[in-house]
Amino acid sequence: MPFALLKYGLSREHPDDPHFRWKPDLKKTYDVVIIGAGGHGLAAAYHLAKDHGITNIAVLEKGWLAGGNTARNTTIVRANYLTPEGVAFYKESVELFRTLSNELDINVMYSERGHFTLAHTDAAMRTARWRAEVNKHLGVNSEVIDSAEVKRICPTMNVTDEARYPILGALYHPPGAIARHDAVAWGYAKEAMKRGVEVHTQTEVKKILIENGRAIGVETNRGIIHAGKVMQAVAGSSSHVARMAGLKLPIKTIPLQACVSEPVKPILDQIVVSGSLHVYISQSARGEMVMGGATDPYGLYSSRSTLDFKESLMGHMLELFPFMGELRILRQWAGMADMTPDFSPVMGLTPLENYYIDAGWGTWGFKATPVCGKRMAECVATGRQPDLIKPFALSRFSTFDLVGEKGAASVGH
Amino acid sequence: MSGHSNRIEKPGFGLLIDHTKPLSFTFDGKLFNGFNGDTIASALYGSQQVLLSRSFKYHRPRGALTMNGLDANTLVQVADEPNVRADLHPVAAGIAVKSINHLGSLQRDAFSVMDYFSRFLPVGFYYKTFFRPAGIWKYFERPIRIMAGLGTLDPRADHKYYDKAYLFTDVLVVGGGSAGLEAAIAAAETGAETLLIDENSQLGGSLLYGRVSDSREAADTLRTRLVAKARGLEKLTILTSTVVSGLFSDGWAAAIGGNRLYKIRARQTIVAAGSFDQPLVFRNNDRPGILFATAAQRLMRLYGVRPGNRAVIATSNTFGYEAALDLLDAGTEVAAVIDLGTTSGPTVDAVRSRGVRIVTGSTLVDAKGYLRVESVGVAAITGQGKTAAATDWITCDCVLISVGCSPALNLASHAGAKVIFDDAIQMHRAVSPPEGIALAGAAAGVWSPARVAAHAKATGSAAARLAAGEPGSEPPDADDPTAAAITHPYPIFKSGKGKEFIDFDEDLTIKDIINSVKDGYDDIQLVKRYSTAGLGPSQGRHANLNTIRIVGAVTGKPLAAIGTTTFRPPLVPEKFAHMAGRAFEPVRLTSMHHRHQELGAQFMTAGLWLRPAYYGSKDDAARTIDDEVRAVRTAAGLIDVSTLGGLDIRGPDAAAFIDRMYTWAYEKQPVGRARYTLMTDMSGVVIDDGVACRFAPNHYYVTATTSAVDQVYRAMTWSNVQWKMDVDVANVTAAYSAMNLAGPKARAIVQTLTTDIDFSKDAFPYMGVRTGTLAGIPVRVLRVGFVGEAGYEIHCPAGYGEALWDILMTAGKPHGLKPFGVEAQRILRLEKGHIIVGQDTDGLTNPIEAGMDWALAKKKPFYIGKRSIELQAAKGITRKLVGFAVTDSASPVPKDCHLIIRDGEIVGRVTSVVKSATLGKVIGLAYLPPTMTDAGQRFEIRVDGGAMVPAEVVPTPFYDPQNARQDI
């Protein structure tokens, strides 16, 4: 029993300070207004306060704290991307995740499980090798392994030739991890609020106020707020909010569904992803299988669930793990994925002065929470695009400087 | 056999069981008896085995709560099936049932020590510790994972049979209680094809075990009448033992019965799914033997099991009093009815007249007993959630709870209805359900039998009219004043110490919810996520309402303002196998597949297809492939290319349409000629290639790659929806078989066959296309040269594929013809420097980078991707695809996707590489910066293990650079 828990047993009253110091009223002016109190917006607020001494910040949230895609993702963290730009970026995220519990004084349950990207075709094996080569070059631990090695590491997986799409091998990424998504966002909120940042939920931005080509504030359902700088971090609604700032994003928003099973005793340690079969699965600390597939086949602004999703997901899941047939799905849900043409995010400066964007997070947003928060904070504080996120600037779409991550981002959440 | 029997030997009890068919089974290895019709839980309860499981966190003993599969207390393991609801699962002779989640035995669970440590495990405790020093979590995670989880999966378990059925109906009625029956009958009588689905094996819902106007007989009579009427209606189809688990906004209803998933399309759906009982929250309210009044009624009426010998009832409505009458009829002593309010009326009088002690204005505040409740403490209520001290202790072995209900709104909410809290009835209501969804009975907030009937009938006939396309009528009035007397506004009583459970699944107490709010998680969504209230197997159906009440009490907000958490499908957990059904993953085989098998082919997956990789043993693959290559280069080879996509494009605008879809120019292409096609997307990225064959001015036959043809076809039809050109696109991939006969002897072979096509060199030149017959088979012949030899790609109707293959193989035999597979073709095409889209291009490759600028029509005003390609051309490219050869024959052979490194930086990538026996060296294609692409420039490839392999840029084609051989 860790000593930290002793105080709970020995005190009569609940001994903790509240994690969140909610302020009831909005001020008229802030140095920085961040639209969206999800993991990204909160992480940016935290780093602005901690690294740059900017604490007069309001994080505005239309719903509840971290209730958007932060609450809906399937919590996988990895750095085994395809492009050198992507690998370098996510590598820093993995490094930040490793010490995040201590940084934020909350257990985010960061658990390195090992991550398989299964290959069922020659083409997938080639992509796996490409990723492994780029990863190793940049110091990220990834290897192409054959099906026998897959079986050795994950003995419960069906790697026989009888499968409809037999497993030829995999990209294996030992640092691949899962974390408790809510705790990450709560930790950033807690530590940001401790440093004076205000978080206002049920506060919807209706309009971006622009004067002489500069963002000067926002109009909300609770009135007008002036701001020195405005940053948007609203995965799933990026195009909608950007439009208020006069920006047109090359983003298509598509539902992404997921589900969990009833809890069972530990039987799967690794994170298993198959792009060909459109499935991924990991087992949470609670014992639930956390599962998902590809994005829905068409764009839509609705987080409705579908039956088809479960049918196709489970058809393929039982190919990989036939013994899971009698396990039960407990709950399904959907989030909104802002898909960019190159499957890479959009971060940094915009054509609108003092307006900063953090968008295009498709199916890969959670895993970038710490690094994106840190680098967006740097960007907002200095007004300059940090080197690490230069390749991800919004301007790349007009100059064809794309960061092609399709081979590594799809399904591989 | 364990314990003495607890069965009721009286008429009117044990409706579902057959006393003449006893059976036995084991629970944790001990033999138990039951009857045909029993569930596992009812059979165990009938043998005095009330203890069923241990709880998730504190390992407290638990027994049945709902007797209807709605709680997690009854989860057991049956063979390799985890988390089986013992109160739903029919017992069968000889099954081995095991309890779960304990160390040692169910009776003596060593993990129950957790109960004493609970004070050290506050809500969210795992967020507060286990992370200092950094990295320590991994040592705590494993034991925590083992402590969590419930049942066990057996990785050796077999796949069982599950399937799916599709049902279509005018009106779907969910729930076969009185409301559902009335609605279904009305809908069918109004003329609608109606489907009534109920989860139980018998229709009737609460009429099976409950009372109508105090009378068990009245309920039974009503049920018999409604069921008989329903069964007699031709338009009414009934499915029992089937549960509707989801209503989706795209119109599907999912229902699970036995090993089958029903996928249902209904024009109108009526949700008459009843309600969920709500617990009374007091100290030790989870002791085995404490159960809902309806659960006790189910035990008695359905299974003939007495819930105990001496009962206490805690209630705030007449349902509790009705249960008292049932207990008395079953021969159980009712020690007392503890009424949280002052319920009155004939039911109360009836109970009183039978000598039962009634204590009003009081509640239970504590329970004693461990493996089963032994007594309860009673105290007067002094305010919301407040009581005097318990002075009265009543000995009992079962406690029935009836303090309120929560309507089953899950399905309506899945479909899109909004859920609000109605203060007047202290229950949630679904408002503004989407079109096609209506509610009836308790789910609609209608409770009194007369109103239920009238409301449900009106709802049923309205749905039938709407389904027939007739105008709807005003929704019937769902206002029922009696509903207000059912649900107690605050049945939550905190004791000084001990545990009062809010969420049985997750072992959450009043304190946990209060402390969640104290920790700052004051929004109901945050409370749920932080405390995990409602996240367990019963999805919060017994926890949500009380959680909302506590949050309301702590924050001072009205319940309506607190909102509720979202209902997520499924309503009840669904097996993976139910969703998967019989896996339908078709394998596409070409017409010649069996010939390939006879020839010993090794197959590889290509999309849905199987294609021969090579013909011969796996052990001798390299030599076999080289032999196949040699046959093509020196004599002739035959490869099955049926999987290639084929698109027939016809119409006056055919040429103009192809001009828009592909980068090159086709308007002036002569009839009888083929031309290379290159397709790009709007951002100018290469997505496919092939050839366009013009067979007539208005008819092109366009090929596409195996993996991309469906995407190409979609792109074409999608584009033409906007362009509205006079053209018709047909995907004829499956209609044609195709084989490529290639090699210096190819012409000689076809010329041995009867044909109306002139195969002579001048009459049928390279890139010519012809239609005609070959050995009596109608064919389309394309003289194209992917492998770099003279050759004919012969397409014929798929039904002739095998025959034509046989004819060519026979005709070729004297000429040394060999079949060859995809592996040999890869070598052959690479020797010619031909790219494979998707291998030598990636998700961003434009035609200029791929060295395909020659296939870009400069003068055309438009093709998809043109603008992007021109912008990129103006900007200049950063990489180019070039041929290379490894310069040191002793060095290891690089693999596809090995990187080219210069000065420690990645500068390029190998896309294809082979060891060419023909050329005697290792050749390949690679992306390099434009400054490194001149012939003879040297670079290094980093291979497995980190060795650097020297290579140099070589112009393509590597083989036959003058392209003379394909022209002979």
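Sequence order for the protein chains is A and B. Position one of the first sequence corresponds to residue 1 (the numbering used here), numbered consecutively onward. Position one of the second sequence corresponds to residue 1001 (the numbering used here), numbered consecutively onward. Just so you know, even glycine gets a beta-carbon here, dropped at the ideal spot from N, CA and C.
{"query": "Could you please give the first and the last residue of the uninterrupted alpha helix (DSSP H) stretch that includes residue 403(A)?", "result": "Segment: none, residue 403(A) is in no alpha helix (DSSP H) and carries neither H nor E."}
{"query": "Since residue 339(A) sits in a beta bridge, which residues does DSSP pair it with?", "result": "252(A)"}
{"query": "Does the stretch 62 to 69 of chain A come close enough to the stretch 175 to 190 of chain A to have 3 or more Cβ pairs within less than 8 Å?", "result": "yes"}
{"query": "Which residue spans inside the stretch 1275 to 1340 of chain B form an unbroken beta strand (DSSP E) run of at least 3?", "result": "1275 to 1277, 1290 to 1292, 1310 to 1315 and 1333 to 1339"}
{"query": "Does the beta-carbon distance from residue 1076(B) to residue 1099(B) come in below 8 Å?", "result": "yes"}
{"query": "Taking only runs of the alpha helix (DSSP H) that begin and end inside the stretch 1794 to 1877 of chain B, which ones reach a length of at least 4 residues, in chain order?", "result": "1801 to 1812, 1822 to 1831 and 1866 to 1875"}
{"query": "I need the straight-line Cα distance from residue 1956(B) to residue 1924(B), nearest angstrom please.", "result": "10 Å"}
{"query": "In this structure, how does DSSP classify residue 1615(B) when only helix, strand and coil are distinguished?", "result": "strand"}
{"query": "Verify the CB distance criterion: does residue 1003(B) have a CB-CB separation below 8 Å to chain A?", "result": "In this predicted model, residue 1003(B) has a pLDDT of only 47, less than 50, meaning its place in the structure is not dependable; the value taken from the coordinates is given anyway. No, no contact with chain A."}
{"query": "Residue 1393(B) bridges to which residues according to DSSP?", "result": "1377(B)"}
{"query": "Within 10 Å of its beta-carbon, does residue 408(A) have 16 or more other beta-carbons around it, so buried, or fewer, so exposed?", "result": "buried"}
{"query": "Mind pulling the beta strand (DSSP E) runs of 3 or more residues that sit fully within the stretch 268 to 345 of chain A?", "result": "271 to 274, 279 to 283, 289 to 292 and 328 to 339"}
{"query": "For a cutoff of 8 Å on Cβ pairs, would you count residue 107(A) as touching chain C?", "result": "Going by chain labels, chain C is absent from the structure shown, which instead holds the protein chains A and B."}
{"query": "With residue 1577(B) as the anchor, note down where its beta strand (DSSP E) starts and where it stops.", "result": "Careful: residue 1577(B) lies outside any beta strand (DSSP E), inside the alpha helix (DSSP H) at 1576 to 1580."}
{"query": "Just by C-beta distance, which residues in the stretch 1896 to 1918 of chain B are closer than 8 Å to chain A?", "result": "1896, 1897, 1898, 1899, 1901, 1906 and 1909"}
{"query": "Excluding the five sequence neighbours on either side, which residues of its own chain have a C-beta within less than 7 Å of the C-beta of residue 32(A), listed in chain order?", "result": "48, 54, 57, 227, 228, 229, 231 and 380"}
{"query": "What does residue 1252(B) reach in chain A if we use C-beta pairs closer than 9 Å?", "result": "306, 307 and 308"}
{"query": "Where does residue 1777(B) sit, in a helix, a strand or coil, going by DSSP?", "result": "strand"}
{"query": "Helix, strand or coil for residue 1547(B), going by three-state DSSP, please let me know.", "result": "helix"}
{"query": "Across which residues does DSSP place residue 1368(B) in a beta bridge pair?", "result": "1375(B)"}
{"query": "Tell me the rounded alpha-carbon separation between residue 1903(B) and residue 137(A).", "result": "12 Å"}
{"query": "Starting from the Cα of residue 1284(B), find the closest Cα among 1798(B), 1376(B) and 1788(B) and give me that residue.", "result": "1376(B)"}
{"query": "Can you tell me whether residue 354(A) is helix, strand or coil according to DSSP?", "result": "coil"}
{"query": "Please list, in chain order, the chain A residues whose beta carbon lies closer than 9 Å to that of residue 1839(B).", "result": "122, 123 and 126"}
{"query": "Can you tell me where the beta strand (DSSP E) with residue 1255(B) in it begins and where it stops?", "result": "1252 to 1257"}
{"query": "Could you tell me whether any Cβ in chain B is nearer than 8 Å to the Cβ of residue 101(A)?", "result": "yes"}
{"query": "Within a Cβ cutoff of 8 Å, which residues of the same chain sit near residue 1958(B), ignoring the five residues on either side of it in sequence?", "result": "1830, 1831, 1832, 1833, 1883, 1885, 1916, 1919 and 1923"}
{"query": "Just how far apart, CA to CA, sit residue 1515(B) and residue 1563(B)?", "result": "19 Å"}
{"query": "Which residues in chain B have a C-beta closer than 8 Å to the C-beta of residue 110(A)? List them in chain order.", "result": "1137"}
{"query": "Can you tell which of 1067(B), 1014(B), 1785(B) and 1073(B) has the C-alpha that lies nearest to the C-alpha of residue 1053(B)?", "result": "1073(B)"}
{"query": "Go to residue 1597(B), then tell me how far its alpha helix (DSSP H) extends in each direction, as first and last residue.", "result": "1593 to 1598"}
{"query": "Since residue 1067(B) and residue 1038(B) are thought to touch, with beta carbons under 8 Å apart, how far apart are those beta carbons, to the nearest angstrom?", "result": "Going by Cβ atoms, the distance from residue 1067(B) to residue 1038(B) rounds to 11 Å, so no, they are not a contact pair."}
{"query": "Do you know how far the Cα of residue 1342(B) is from the Cα of residue 1215(B)?", "result": "21 Å"}
{"query": "Would you please state the rounded distance, in angstroms, between the beta carbons of residue 1307(B) and residue 1296(B)? I believe it to be under 8 Å.", "result": "4 Å"}
{"query": "Give the DSSP-derived three-state secondary structure of residue 186(A) in the structure shown.", "result": "helix"}
{"query": "Between the C-alpha atoms of residue 1819(B) and residue 1628(B), what's the straight-line distance to the nearest angstrom?", "result": "7 Å"}
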